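**Student:**
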Amino acid sequence: MPRSHRIAVIAGDGIGREVMPEGLRAVQAAATRFGLALELHAFEWASCEYYAQHGQMMPDDWKAQLSGMDAIYFGAVGWPDTVPDHVSLWGSLLKFRREFDQYINLRPVRLFDGVPCPLAGKKPGDIDYLVVRENTEGEYTALGGVMFEGTEREIVVQESVYSRVGAERLLKYAFDLAQSRPKKHLSLATKSNGIAISMPWWDRQAEAMAAHYPGVAWDKHHIDILAARFVLQPERFDVVAATNLFGDILSDLGPATTGTIGLAPSANLNPERQFPSLFEPVHGSAPDIYGKNIANPIAMVWSGALMLDHLTGGQGAGRAAHDAIVSAIEAVLRSGPRTPDLGGSAGTTEVGEAIARHIAG
Ligand code: GGG
Numbered sequence: 012m013p014r015s016h017r018i019a020v021i022a023g024d025g026i027g028r029e030v031m032p033e034g035l036r037a038v039q040a041a042a043t044r045f046g047l048a049l050e051l052h053a054f055e056w057a058s059c060e061y062y063a064q065h066g067q068m069m070p071d072d073w074k075a076q077l078s079g080m081d082a083i084y085f086g087a088v089g090w091p092d093t094v095p096d097h098v099s100l101w102g103s104l105l106k107f108r109r110e111f112d113q114y115i116n117l118r119p120v121r122l123f124d125g126v127p128c129p130l131a132g133k134k135p136g137d138i139d140y141l142v143v144r145e146n147t148e149g150e151y152t153a154l155g156g157v158m159f160e161g162t163e164r165e166i167v168v169q170e171s172v173y174s175r176v177g178a179e180r181l182l183k184y185a186f187d188l189a190q191s192r193p194k195k196h197l198s199l200a201t202k203s204n205g206i207a208i209s210m211p212w213w214d215r216q217a218e219a220m221a222a223h224y225p226g227v228a229w230d231k232h233h234i235d236i237l238a239a240r241f242v243l244q245p246e247r248f249d250v251v252a253a254t255n256l257f258g259d260i261l262s263d264l265g266p267a268t269t270g271t272i273g274l275a276p277s278a279n280l281n282p283e284r285q286f287p288s289l290f291e292p293v294h295g296s297a298p299d300i301y302g303k304n305i306a307n308p309i310a311m312v313w314s315g316a317l318m319l320d321h322l323t324g325g326q327g328a329g330r331a332a333h334d335a336i337v338s339a340i341e342a343v344l345r346s347g348p349r350t351p352d353l354g355g356s357a358g359t360t361e362v363g364e365a366i367a368r369h370i371a372g
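Per the numbering used here, residue 12 is the first one in the sequence shown, and the count goes up by one each step.
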């Protein structure tokens with residue numbers, strides 16, 4: 012008998028706690044339908060509440076506690092009233108990404124049938140691309156410092172770090188992905204006119220990688236015009252490769268053009284499977300709407316679908332479970348209950364239950 016897939020469940024903060032039960036409802040409905048054995052292990056840490064009690068976001072042995080897990084299903088982190096955002100993020104999510112070498116952050120962006128598009132004249136199919144964000148280095152570093160703090164001469168320096176290994180593995184993943192898709196197109200986010208050392212270097216890495224993929228057409232866009240094109244010509248895009256910060260910005264902008272970032276899922280992947288990968292909504296903990304049962308659970312649910320697909324290597328029961336969850340999301344967005352971010356008045360739970368009913372068939 013195949014062994015169970017071991018999943019660490021970390022709801023985190025704010026609406027992470029409200030959308031997680033709906034994500035689990037969908038994941039469990041799909042697992043039951045397709046005979047996937049799951050072992051769920053809930054952890055209460057990686058939250059600002061834990062920080063308030065212990066002075067840190069996670070216990071010292073967090074890695075040992077997660078050893079043997081096949082995936083991490085993660086809600087959201089951040090409660091700035093009690094813990095500064097950079098402390099909560101660096102104390103939890105960024106530790107997972109870096110110490111589990113989840114160097115790919117895959118963020119699908121798709122306009123669904125039935126969802127009013129804020130962009131004039133766009134229909135489903137016009138917005139359907141994948142942002143591939145570098146996830147362990149780049150602009151996200153804690154390298155730097157402050158001099159002459161609190162004086163008129165105050166100076167702050169923070170470094171960005173791009174390694175050849177980091178760029179090559181990101182680009183290889185993104186080109187492989189582009190090659191596997193019907194459009195076979197890759198766009199690189201750059202800013203090589205203004206950021207005159209690291210970005211021309213990125214352009215050269217992409218050019219070198221592209222030489223191995225003659226079947227993939229590629230282009231590069233400065234990040235400013237790329238942002239405009241996400242709004243004006245989203246149909247141009249298929250796979251978009253970006254550094255950590257550029258990818259983070261693009262993967263909020265993209266979903267905003269599809270109606271709401273409440274739909275946007277993500278997969279923080281360690282493609283070699285030496286470590287567990289992590290699946291989370293793109294949105295954060297949204298303290299302003301926490302406790303109202305109005306958060307859209309679909310990003311969490313869709314992230315769960317990506318997790319099940321990953322667990323079985325994109326094949327068999329995990330793939331079937333993924334497809335059933337995405338079909339259920341499509342059905343509910345076409346004619347089911349909606350949360351207020353999509354103009355509806357349904358609650359988080361109501362939407363989650365409707366999706367789970369579709370999955371069960
Ligand atoms: N579920 C994602 C989450 O909690 N995100 C918080 C956040 O600000 N993340 C920043 C990032 O993805 O770099």
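Glycine included, C-beta positions come from ideal geometry on N, C-alpha and C.
Keep in mind the model is a prediction, meaning the values are calculated, not measured.
1) Is Leu77 helix, strand or coil when you go by DSSP?
2) Using only alpha-carbon positions, find the residue among Ala178, Ser191, Arg164 that is nearest to Leu199.
3) When we look at the beta-carbon of Glu291 and count the other beta-carbons within 10 Å, is it buried (16 or more) or exposed?
4) Please check the pair Ser288 and Val142, which I expect to be a contact at CB under 8 Å, by giving their CB distance rounded to whole angstroms.
5) Check the DSSP bridge columns for Ala4 and list the partner residues they point to.
6) When the Cα atoms are used, what is the spatial distance from Gly273 to His294?
7) Can you tell me where the alpha helix (DSSP H) with Met220 in it begins and where it stops?
8) Using three-state DSSP, classify Trp229 as helix, strand or coil.
9) Is Pro292 a contact residue of the ligand GGG, with contact defined as CB to any heavy atom under 7 Å?
10) Counting only the same chain and skipping the five closest in sequence on each side, list residues whose C-beta sits under 6 Å from that of Gly25.
11) Keeping to the same chain, check which residues put their C-beta closer than 6 Å to that of Gln169; ignore five residues upstream and five downstream.
12) Looking only at C-alpha atoms, which of Arg349, Arg14, Ile138, Gln190 sits nearest to Ile309?
13) Ala331 to Pro211, Cα distance in whole Å?
14) Per the DSSP calculation, Gln169 is bridged to which residue(s)?
15) When every heavy atom of the ligand GGG is checked, does at least one fall within less than 7 Å of the C-beta of Gly149?
16) For Val227, which residues from the same chain have a beta carbon less than 8 Å from its beta carbon, with the 5 sequence-adjacent residues on both sides left out?
17) With DSSP as the reference, label Asp71 as helix, strand or coil.
18) Within the chosen definition, does the region 332 to 343 reach the region 303 to 322 through at least 3 CB pairs nearer than 8 Å?
19) Considering Cα atoms alone, identify which of Ala42, Arg36, Ser78, Gly89 is closest to Glu60.
20) By the three-class DSSP mapping on this structure, what secondary structure does Thr360 have?
21) Can you tell me whether DSSP reads Val13 as helix, strand or coil?
22) Determine the contact status of Pro352 and Asn307, defining contact as a CB-CB distance below 8 Å.
23) Determine the contact status of Gly258 and Glu145, defining contact as a CB-CB distance below 8 Å.
24) Nearer than 7 Å: is that true of the beta carbon of Val88 relative to any heavy atom of the ligand GGG?
25) Buried or exposed: where does Asp72 fall if 16 or more other Cβ atoms within 10 Å of its Cβ makes it buried?
26) Between Arg17 and the rest of its own chain, which residues show a CB-CB distance below 7 Å, the 5 nearest in sequence each way excluded?
27) Does the beta-carbon of Glu55 have 16 or more other beta-carbons within 10 angstroms, so that it is buried, or is it exposed?
28) Can you tell me where the alpha helix (DSSP H) with His52 in it begins and where it stops?
29) Counting beta carbon pairs with one atom in the region 227 to 240 and one in the region 123 to 132, are three or more of them shorter than 8 Å?
30) Excluding sequence positions up to five away, which residues of its chain have a Cβ less than 8 Å from the Cβ of Val172?
31) Between Arg44 and Ile340, which are expected to be in contact by the criterion C-beta below 8 Å, what is the C-beta distance as a whole number of angstroms?
32) Should Arg345 go down as buried or exposed, given a rule of 16 or more other Cβ atoms within 10 Å for buried?
33) Using only alpha-carbon positions, find the residue among Asn281, Pro95, Gly354 that is nearest to Thr271.
34) Where do the N-terminal and C-terminal ends of the alpha helix (DSSP H) with Ala331 fall, by residue?
35) Once the 5 residues before and after Arg240 are set aside, which same chain residues still bring their CB inside 7 Å of it?
**Tutor:** Inspection of the coordinates gives the following:
1) Position 66 of the sequence shown, counted from the start, is the residue given in the question as residue 77. Correct three-state label for Leu77: coil.
2) Taking the sequence shown and counting its residues from 1, the one referred to as residue 199 is at position 188. When each option's Cα is compared against that of Leu199, the closest is Ala178.
3) By one-based count along the sequence shown, residue 291 stands at place 280. Buried is the call here.
4) Locating residue 288 in the sequence shown gives position 277, counting from the first residue. Locating residue 142 in the sequence shown gives position 131, counting from the first residue. About 17 Å; that fails the 8 Å criterion.
5) Any answer about residue 4 is impossible in this case: the structure gives the chain only from 12 up to 372.
6) Taking the sequence shown and counting its residues from 1, the one referred to as residue 273 is at position 262. Taking the sequence shown and counting its residues from 1, the one referred to as residue 294 is at position 283. In this structure, the straight-line span from the alpha carbon of Gly273 to that of His294 is close to 7 Å.
7) Residue 220 sits at position 209 when you count from the first residue of the sequence shown. Note, Met220: alpha helix (DSSP H), 209 to 221.
8) Along the sequence shown, one-based indexing puts residue 229 at 218. Strand.
9) Along the sequence shown, read from residue 1 onward, the residue named residue 292 stands at position 281. Checking every heavy atom of the ligand GGG against the Cβ of Pro292, one is found closer than 7 Å.
10) Here the question's residue 25 lines up with position 14 in the sequence shown. Counting only Cβ-Cβ distances below 6 Å, and skipping sequence neighbours, we find Ala87, Ser296, Ala297, Pro298, Tyr301.
11) As a working mapping, residue 169 is identified with position 158 in the sequence shown. Closer than 6 Å at the Cβ level, and outside the excluded window around Gln169, lie Gly155.
12) Residue 309 sits at position 298 when you count from the first residue of the sequence shown. Cα-wise, what sits closest to Ile309 is Arg349.
13) Counting from 1 along the sequence shown, the entry for residue 331 is found at position 320. Counting from 1 along the sequence shown, the entry for residue 211 is found at position 200. Each residue's alpha carbon lies about 42 Å from the other.
14) Taking the sequence shown and counting its residues from 1, one reaches residue 169 at position 158. For Gln169, which the question treats as bridged, DSSP gives the partners Gly155.
15) As a working note, residue 149 is residue 138 in the sequence shown. No - the ligand GGG has no heavy atom lying nearer than 7 Å to the Cβ of Gly149.
16) Indexing the sequence shown from 1 puts residue 227 at position 216. Non-local beta-carbon contacts of Val227 in its own chain, meaning distances under 8 Å to residues more than five positions away in sequence, involve Phe186, Ala189, Gln190, Lys195, His196, Leu197, Ala221 in chain order.
17) The residue you call residue 71 lines up with position 60 of the sequence shown. If DSSP states are grouped into helix, strand and coil, Asp71 belongs with coil.
18) yes
19) One-based indexing of the sequence shown puts residue 60 at position 49. For Glu60, the nearest C-alpha among the options comes from Gly89.
20) If you number the sequence shown from 1, residue 360 lands on position 349. Helix, per DSSP.
21) Looking up residue 13 in the sequence shown gives position 2. Contrary to the premise, residue 13 reads as Pro rather than Val in this sequence. Looking at Pro13 - three-state DSSP - the assignment turns out to be coil, as it is neither helix nor strand.
22) Numbered from its first residue, the sequence shown carries residue 352 at position 341. Numbered from its first residue, the sequence shown carries residue 307 at position 296. The residue you asked about is not Pro; residue 352 is Asp in the sequence shown. Yes, the pair counts as a contact, with Cβ atoms nearer than the cut-off.
23) Against the sequence shown, residue 258 aligns to sequence position 247. Against the sequence shown, residue 145 aligns to sequence position 134. In contact: Gly258 and Glu145 (Cβ atoms closer than 8 Å).
24) Here residue 88 is taken as the residue at index 77 of the sequence shown, counted from 1. Yes - the ligand GGG has a heavy atom lying nearer than 7 Å to the Cβ of Val88.
25) Counting from one through the sequence shown, the residue named residue 72 turns up at place 61. So Asp72 counts as exposed.
26) To locate residue 17, count along the sequence shown from 1; it is residue 6. Taken in chain order, the residues that qualify are Glu50, His52, Gly79, Met80, Asp81.
27) As a working note, residue 55 is residue 44 in the sequence shown. Exposure of Glu55 is indicated by the presence of fewer than 16 other C-beta atoms within 10 angstroms of its C-beta.
28) Walking along the sequence shown from the start, residue 52 turns up at place 41. Unbroken run through His52 is the beta strand (DSSP E), 49 to 53; no alpha helix (DSSP H).
29) no
30) For this step, residue 172 is matched to residue 161 along the sequence shown. Same-chain partners within the cutoff: Glu148, Gly149, Thr152, Leu154.
31) To locate residue 44, count along the sequence shown from 1; it is residue 33. To locate residue 340, count along the sequence shown from 1; it is residue 329. At roughly 15 Å, the Cβ-Cβ gap does not stay under 8 Å, so Arg44 and Ile340 are not in contact.
32) Position 334 of the sequence shown holds residue 345. With a threshold of 16 other beta carbon atoms within 10 Å, Arg345 falls short and is exposed.
33) As a working mapping, residue 271 is identified with position 260 in the sequence shown. Per the Cα distances, Gly354.
34) Working through the sequence shown from its first residue, we reach residue 331 at position 320. Residues 327 to 346.
35) Along the sequence shown, read from residue 1 onward, the residue named residue 240 stands at position 229. Excluding residues within five positions, the ones whose Cβ falls inside 7 Å are His232, Arg247.
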